[in-house]
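S.K.: Residue numbers (this note's numbering), protein chains in the order written: chain D, 13 to 357; chain H, 13 to 357; chain B, 13 to 357. Cβ coordinates follow ideal geometry from the N, Cα and C atoms, glycine included.
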Amino acid sequence: MIFTVKEIADVIGGIVEGNPDAVITKFSKIEAGEEGGLSFLANTKYTPHIYTTKATAVLVSTEFVPTEPILTTLIRIEEPYVAFAKLMAFYNQKKGKTGVSKHAAIAEGVVWGKDVYIGDFVSIAENVVLGDNVKIYPHCYIAEGVRIGDNTVLNAGVTIHHECIIGNNCTLHAGAIIGADGFGFAPQKDNQYVKIPQLGNVIIEDNVDIGAQTCIDRSTLGSTIIHKGVKLCNFIQVAHNCEIGENTVMAAQCGISGSTKIGKNCVFGGQVGVNWHLTIGDNVQVGAQSAIGGHVKENATLLGTPAFKASDCIKSYAMFKYLPNYVARIEELEKEIKELKKEKE
Amino acid sequence: MIFTVKEIADVIGGIVEGNPDAVITKFSKIEAGEEGGLSFLANTKYTPHIYTTKATAVLVSTEFVPTEPILTTLIRIEEPYVAFAKLMAFYNQKKGKTGVSKHAAIAEGVVWGKDVYIGDFVSIAENVVLGDNVKIYPHCYIAEGVRIGDNTVLNAGVTIHHECIIGNNCTLHAGAIIGADGFGFAPQKDNQYVKIPQLGNVIIEDNVDIGAQTCIDRSTLGSTIIHKGVKLCNFIQVAHNCEIGENTVMAAQCGISGSTKIGKNCVFGGQVGVNWHLTIGDNVQVGAQSAIGGHVKENATLLGTPAFKASDCIKSYAMFKYLPNYVARIEELEKEIKELKKEKE
Amino acid sequence: MIFTVKEIADVIGGIVEGNPDAVITKFSKIEAGEEGGLSFLANTKYTPHIYTTKATAVLVSTEFVPTEPILTTLIRIEEPYVAFAKLMAFYNQKKGKTGVSKHAAIAEGVVWGKDVYIGDFVSIAENVVLGDNVKIYPHCYIAEGVRIGDNTVLNAGVTIHHECIIGNNCTLHAGAIIGADGFGFAPQKDNQYVKIPQLGNVIIEDNVDIGAQTCIDRSTLGSTIIHKGVKLCNFIQVAHNCEIGENTVMAAQCGISGSTKIGKNCVFGGQVGVNWHLTIGDNVQVGAQSAIGGHVKENATLLGTPAFKASDCIKSYAMFKYLPNYVARIEELEKEIKELKKEKE
Chain D
13 MIFTVKEIAD VIGGIVEGNP DAVITKFSKI EAGEEGGLSF LANTKYTPHI
63 YTTKATAVLV STEFVPTEPI LTTLIRIEEP YVAFAKLMAF YNQKKGKTGV
113 SKHAAIAEGV VWGKDVYIGD FVSIAENVVL GDNVKIYPHC YIAEGVRIGD
163 NTVLNAGVTI HHECIIGNNC TLHAGAIIGA DGFGFAPQKD NQYVKIPQLG
213 NVIIEDNVDI GAQTCIDRST LGSTIIHKGV KLCNFIQVAH NCEIGENTVM
263 AAQCGISGST KIGKNCVFGG QVGVNWHLTI GDNVQVGAQS AIGGHVKENA
313 TLLGTPAFKA SDCIKSYAMF KYLPNYVARI EELEKEIKEL KKEKE
Chain H
13 MIFTVKEIAD VIGGIVEGNP DAVITKFSKI EAGEEGGLSF LANTKYTPHI
63 YTTKATAVLV STEFVPTEPI LTTLIRIEEP YVAFAKLMAF YNQKKGKTGV
113 SKHAAIAEGV VWGKDVYIGD FVSIAENVVL GDNVKIYPHC YIAEGVRIGD
163 NTVLNAGVTI HHECIIGNNC TLHAGAIIGA DGFGFAPQKD NQYVKIPQLG
213 NVIIEDNVDI GAQTCIDRST LGSTIIHKGV KLCNFIQVAH NCEIGENTVM
263 AAQCGISGST KIGKNCVFGG QVGVNWHLTI GDNVQVGAQS AIGGHVKENA
313 TLLGTPAFKA SDCIKSYAMF KYLPNYVARI EELEKEIKEL KKEKE
Chain B
13 MIFTVKEIAD VIGGIVEGNP DAVITKFSKI EAGEEGGLSF LANTKYTPHI
63 YTTKATAVLV STEFVPTEPI LTTLIRIEEP YVAFAKLMAF YNQKKGKTGV
113 SKHAAIAEGV VWGKDVYIGD FVSIAENVVL GDNVKIYPHC YIAEGVRIGD
163 NTVLNAGVTI HHECIIGNNC TLHAGAIIGA DGFGFAPQKD NQYVKIPQLG
213 NVIIEDNVDI GAQTCIDRST LGSTIIHKGV KLCNFIQVAH NCEIGENTVM
263 AAQCGISGST KIGKNCVFGG QVGVNWHLTI GDNVQVGAQS AIGGHVKENA
313 TLLGTPAFKA SDCIKSYAMF KYLPNYVARI EELEKEIKEL KKEKE
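#1: Excluding the 5 residues preceding and the 5 following residue 66 (chain B) in the sequence, name in chain order all residues of the same chain whose CB lies nearer than 7 Å to its CB.
#2: Cβ closer than 7 Å: which chain H residues qualify as neighbours of residue 187 (chain D)?
#3: Since residue 303 (chain D) meets chain H, which of its residues come closer than 7 Å, beta carbon to beta carbon?
#4: Between the C-alpha atoms of residue 96 (chain H) and residue 197 (chain D), what's the straight-line distance to the nearest angstrom?
#5: So which residues on chain H does residue 40 (chain B) lean against when the C-beta distance must stay under 9 Å?
#6: Tell me where the beta strand (DSSP E) around residue 324 (chain B) begins and ends.
#7: At the level of alpha carbons, what is the spacing between residue 348 (chain H) and residue 355 (chain H)?
#8: Would you call the segment 207-221 of chain H in contact with the segment 172-180 of chain H, where contact means no fewer than 3 C-beta pairs closer than 8 Å?
#9: Spell out whether any CB of chain B is found under 7 Å from the CB atom of residue 225 (chain D).
#10: Quick one: Cα of residue 21 (chain D) to Cα of residue 142 (chain D), how far?
#11: Residue 340 (chain D): buried (16+ other C-beta within 10 angstroms of its C-beta) or exposed?
#12: For residue 195 (chain D), which residues in chain B fall below 7 Å Cβ to Cβ?
#13: Can you tell which of D:303, D:79, D:91 has its C-alpha closest to the C-alpha of residue 25 (chain D)?
#14: At which residues does the alpha helix (DSSP H) containing residue 88 (chain D) begin and terminate?
#15: Got a sec: is the Cβ-Cβ distance from residue 152 (chain D) to anything in chain B below 7 Å?
#16: Listing by chain order, which chain H residues have their CB less than 7 Å from the CB of residue 289 (chain D)?
#17: Whole-angstrom Cβ separation of residue 190 (chain B) and residue 164 (chain B), contact assumed at under 8 Å?
#18: Does the segment 311-324 of chain H come close enough to the segment 83-90 of chain B that 3 or more CB-CB pairs lie under 8 Å?
#19: Just how far apart, CA to CA, sit residue 184 (chain D) and residue 175 (chain B)?
#20: Taking the alpha carbon of residue 111 (chain H) as the point to measure from, which residue in H:207, H:146, H:121 has its own alpha carbon closest?
#21: Quick one: does residue 115 (chain B) have its CB under 7 Å from some CB of chain H?
#22: Would you list the one or two residues that DSSP bridges to residue 337 (chain B)?
#23: Report back the beta-carbon spacing between residue 230 (chain H) and residue 192 (chain H) to the nearest angstrom; my notes put them in contact at under 8 Å.
#24: Helix, strand or coil: how does DSSP classify residue 147 (chain H) here?
#25: For residue 291 (chain H), which of helix, strand or coil comes out of DSSP?
#26: Give a yes or no on whether the minimum CB-CB distance between residue 107 (chain D) and chain B is below 7 Å.
#27: Please name the residue, chosen from H:161, H:99, H:167, that lies closest to residue 130 (chain H) on a Cα-to-Cα basis.
#28: Decide if residue 309 (chain B) is buried, meaning its Cβ has at least 16 other Cβ atoms within 10 Å, or exposed.
#29: List the whole-angstrom C-beta distance separating residue 267 (chain B) from residue 188 (chain D), where the pair is believed to meet the contact cut-off of C-beta under 8 Å.
#30: Among the residues of its own chain, which have a CB less than 6 Å from the CB of residue 122 (chain D), if the five just before and after it don't count?
#31: To which residues does DSSP link residue 184 (chain H) through a beta bridge?
#32: To the nearest angstrom, report how far apart residue 101 (chain D) and residue 289 (chain B) are at their CA atoms.
#33: Residue 144 (chain H) and residue 162 (chain H) - do their beta-carbons sit closer together than 7 Å?
#34: CB-CB under 6 Å to residue 29 (chain D), same chain, minus the five flanking residues each way: which ones, in chain order?
#35: When the Cα atoms are used, what is the spatial distance from residue 333 (chain D) to residue 328 (chain B)?
#36: Just verifying my parser: in three-state terms, what is the DSSP assignment at residue 240 (chain B)?
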């Protein structure tokens with residue numbers, strides 16, 4: 013790519029402070045910026061780099077107030093991270109793959125749209141329906157009756173079990189498994205377990221991203237549902253009969269137990285665990301490694317194992333560190349009381 | 013399916029309360045029951061729904077005592093969940109797949125029984141032995157010398173490394189990895205590590221279910237052993253040289269470190285971690301996200317990080333929440349003692 | 013194998029105590045040693061077995077002082093575990109597989125060295141470069157432009173995304189995923205998220221072991237870097253833009269959030285979580301299930317959620333168990349103070 017700073021500012025609607033004619037040839041990190049590089053400043057941890065970066069231009073917030081001289085050219089814009097992402101996406105937009113590998117195995121009765129790509133060793137079973145512009149990378153397995161919407165991408169080695177439904181504009185990363193049997197066993201009096209058949213499916217709505225290795229299990233009856241706009245990172249376990257609300261985001265290695273319903277616009281840190289049969293409201297924020305043991309009302313911010321109000325939990329954690337000190341003080345108090353009582357006698 | 017309530021009650025040995033001639037056409041959830049639907053009530057959380065369900069009939073316990081008028085037909089049976097599962101399994105029992113995909117790669121010397129199914133792009137190495145009615149879905153890899161028992165199902169993308177042994181009536185869910193090398197490295201004086209070859213194998217006994225993505229590592233010498241009837245959910249790590257006792261059940265994302273032996277009939281919540289070289293007795297119950305740091309005697313119920321007696325841990329957790337309050341009270345006591353002492357002077 | 017004890021001692025430079033002519037035919041565990049077996053004693057937990065083992069010979073430390081009569085033959089050596097590992101590796105060294113499966117799909121422009129093995133249903137995309145003696149097991153997918161160094165082994169079902177670089181002498185276990193997109197989304201004012209393109213790659217240096225299912229995500233810009241000698245167990249999540257220093261070791265199910273840099277020679281227990289944008293120094297040790305929330309200086313030993321100095325954390329944990337006791341003592345103190353004050357009035 014070769015653009016001037018002014019050309020880029022015009023594309024994203026930014027305002028140039030510095031040399032509008034400087035030439036941009038690549039994207040670069042602010043801390044390791046190079047001549048010709050375009051960077052961005054969004055996280056204040058990186059602010060010191062803006063005074064020393066060798067990047068030719070940097071996207072910054074309209075509200076950024078420098079505290080030292082700036083040597084690079086600034087492009088001011090309301091949301092620099094979003095603008096940077098859009099520029100990268102624009103640049104990254106290569107002509108998508110199309111065509112069907114001669115090494116793929118496609119069953120009878122598969123229906124598909126325009127510009128589909130099917131990679132090597134993909135296996136597609138009977139009565140699968142693929143939308144326009146679906147891209148399926150090598151080693152995916154799409155079982156009977158699955159439907160996949162337009163513009164959805166399945167990276168390598170994704171498995172979609174029978175009768176599951178995937179929406180439009182979704183991305184499933186490598187190794188994701190959709191619709192494996194939920195973990196349902198009925199205990200017997202002789203300590204053995206009898207498997208409960210899992211007869212439902214998984215429904216993933218539009219604009220959902222599913223991380224590498226992540227598993228969404230099929231429901232016992234009805235559907236496990238991932239609503240539109242949800243973003244799940246890698247290694248997440250969503251058990252059978254769960255429902256995850258619109259635009260909720262989870263970091264890696266979270267585990268959601270069976271039949272739990274999570275609201276819209278929630279944000280979960282990594283390695284969070286949630287018990288089963290719970291209802292979590294909208295806009296709930298949960299700190300990493302927390303364990304949710306009960307229902308949660310909307311707008312809560314939780315932390316801890318078991319989780320409670322985050323601001324309270326932080327105080328308790330801070331004191332946990334000094335427990336030996338508090339215990340020593342209790343012992344000292346006991347000694348003093350004893351002395352005071354003795355003196356009285 | 014079309015059955016009358018009476019026909020279903022007869023199959024499972026239940027007693028009808030209501031209309032024995034009502035027609036059942038599907039399974040349905042109790043809270044979303046539909047005309048023609050058959051539901052069940054096992055978890056008391058769902059009891060309120062039995063008074064409002066639109067399901068035509070509901071399996072309930074022989075001991076269930078309604079507190080409001082019941083509009084649906086009841087089928088009373090000792091274990092409604094188990095009966096429901098059996099009915100679903102009966103219904104779900106489709107003619108199993110058989111035949112060998114023309115896209116599979118089968119090495120020399122493979123021995124197999126009757127009615128085996130081998131899906132697309134399955135790779136089976138030399139000297140593998142497959143029992144009757146084994147079903148191997150697409151993209152599985154079965155390495156040299158593996159033996160798989162009768163009626164065992166390998167879902168898509170399962171890997172079984174060389175010389176491992178899988179019993180009868182097992183189900184391995186998608187992406188499970190059996191017999192990868194255990195994590196054994198000997199530290200050197202220059203801070204590098206030398207790999208310890210892992211020369212053992214994994215033995216999985218009969219009636220075991222292994223969840224999606226779950227890994228059971230091969231032992232250094234001898235065998236990592238999963239005893240009969242064990243049920244492991246998704247994303248579980250069982251390290252080398254472990255042994256898991258009969259009918260033990262683990263929820264998703266548990267991690268068992270090397271050389272630990274776990275007893276029979278244990279129940280582990282999700283995300284539990286267990287240290288290495290430990291012995292856990294029979295009938296042990298462990299709460300989710302707990303960390304087991306030492307040996308555990310039989311019949312223990314544990315919780316916490318590190319785990320101790322669950323009933324005690326719950327008390328400590330409850331107080332943890334109020335640590336700031338206790339610390340304030342210590343400070344208050346200190347002030348009062350100081351005053352009392354001052355007054356004395 | 014058939015060797016005398018003396019022959020084995022000579023190979024590893026050990027000193028025989030007992031019968032140098034005894035014949036060794038296999039490796040065996042010290043607790044289950046058999047006639048003809050060679051075992052080792054490294055972990056003191058196993059010391060009692062040395063007095064009862066039926067193994068013909070046992071590798072022990074030069075410093076081992078028996079407290080009971082020894083019936084087996086000893087081979088004394090400075091590091092018995094390492095010596096045992098070397099012997100096993102020597103024995104395990106089968107002629108490596110070579111050749112290209114007729115069921116593999118190799119694109120144009122792939123360059124490779126001598127003695128490469130490509131298993132069934134491996135898909136290799138354009139412009140991949142493979143070194144000498146690279147072994148790629150079934151169902152691996154190697155995307156465009158990947159480079160893999162000499163003697164590196166990819167077990168079954170490994171995915172390496174485009175432009176990633178793998179060093180020499182690495183082992184990637186089954187199901188590992190290298191270079192999936194990092195989890196980067198920019199929140200919008202309407203609560204939706206816009207994906208940030210992940211334009212970087214992953215660089216894995218020499219002598220690295222990557223566990224089964226483990227994911228190393230590609231960076232947004234630049235590289236996620238795993239330095240030489242790192243050993244990662246199964247189910248580990250390394251997010252985008254991370255860097256892990258030389259010879260650092262992590263047990264299963266750890267999760268490292270984006271842009272965190274970890275030093276050399278660190279040791280992490282299982283299920284550890286690390287927050288993003290952190291710097292962890294060299295030689296840091298972290299106990300299992302800990303959560304690292306801030307920067308960590310070199311040589312620290314940490315434990316807890318959130319983690320602090322391990323020796324302090326152990327004390328706090330010990331007291332956590334007795335919180336109800338301390339609270340009761342505070343209540344008792346309050347009562348006594350009240351009485352003392354009352355008496356004064």
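M.R.: Here's the rundown:
#1: Closer than 7 Å at Cβ, skipping near neighbours: 45, 46, 47.
#2: Taking a Cβ-Cβ threshold of 7 Å, the residues of chain H close to residue 187 (chain D) are 187, in chain order.
#3: The contact set of residue 303 (chain D) on chain H, defined by CB atoms closer than 7 Å, consists of 300, 301 in chain order.
#4: Straight-line measurement puts the Cα of residue 197 (chain D) at about 12 Å from the Cα of residue 96 (chain H).
#5: What residue 40 (chain B) touches in chain H: 233, 234.
#6: Where residue 324 (chain B) is concerned, there is no enclosing beta strand (DSSP E), although the alpha helix (DSSP H) it sits in stretches over 322-332.
#7: Distance between the alpha carbons of residue 348 (chain H) and residue 355 (chain H): 10 Å.
#8: Enough Cβ pairs lie closer than 8 Å, so yes.
#9: It does; some Cβ of chain B falls within 7 Å.
#10: Those two C-alpha atoms are separated by around 39 Å.
#11: Residue environment analysis places residue 340 (chain D) among the exposed positions, since fewer than 16 neighbouring C-beta atoms fall within 10 angstroms of its C-beta.
#12: Near residue 195 (chain D) there are no residues of chain B at all, since even the closest Cβ is about 17 Å away, more than 7 Å.
#13: Per the C-alpha coordinates, the member of D:303, D:79, D:91 positioned closest to residue 25 (chain D) is D:91.
#14: Per DSSP, residue 88 (chain D) belongs to no alpha helix (DSSP H); it is in the beta strand (DSSP E), 85-89.
#15: Chain B, which has no Cβ nearer than 7 Å to the Cβ of residue 152 (chain D), makes this no.
#16: Correct list: 57.
#17: Residue 190 (chain B) to residue 164 (chain B), Cβ: 12 Å. No contact.
#18: Per the Cβ contact rule, the segment 83-90 of chain B is not in contact with the segment 311-324 of chain H (fewer than 3 Cβ pairs under 8 Å).
#19: Pairing residue 184 (chain D) with residue 175 (chain B), the inter-Cα distance amounts to about 20 Å.
#20: H:146 is the residue among H:207, H:146, H:121 whose C-alpha sits nearest the C-alpha of residue 111 (chain H).
#21: It does; some Cβ of chain H falls within 7 Å.
#22: Within the DSSP secondary-structure output, residue 337 (chain B) pairs in no beta bridge.
#23: About 7 Å separates the two Cβ atoms, so the contact holds.
#24: Residue 147 (chain H) falls in the strand class under three-state DSSP.
#25: In this structure, residue 291 (chain H) counts as strand in the three-state DSSP scheme.
#26: Reliability fails at residue 107 (chain D), whose pLDDT of 48 lies under 50, so the model's placement of it is uncertain and no value is given.
#27: Out of H:161, H:99, H:167, H:167 has the C-alpha closest to the C-alpha of residue 130 (chain H).
#28: Counting every other CB atom within 10 Å of its CB across the protein chains shown gives residue 309 (chain B) a total below 16, marking it as exposed.
#29: About 17 Å separates the two Cβ atoms, so there is no contact after all.
#30: Cβ within range, chain order: 136, 140.
#31: Under DSSP, the beta-bridge partners assigned to residue 184 (chain H) are H:166, H:222.
#32: Going by the C-alpha atoms only, they are around 24 Å apart.
#33: Result yes, Cβ atoms of residue 162 (chain H) and residue 144 (chain H) sit closer than 7 Å.
#34: Closer than 6 Å at Cβ, skipping near neighbours: 86.
#35: Looking at the backbone, the Cα of residue 333 (chain D) and that of residue 328 (chain B) are separated by about 6 Å.
#36: In the three-state DSSP reduction, residue 240 (chain B) falls in the coil class, being neither helix nor strand.
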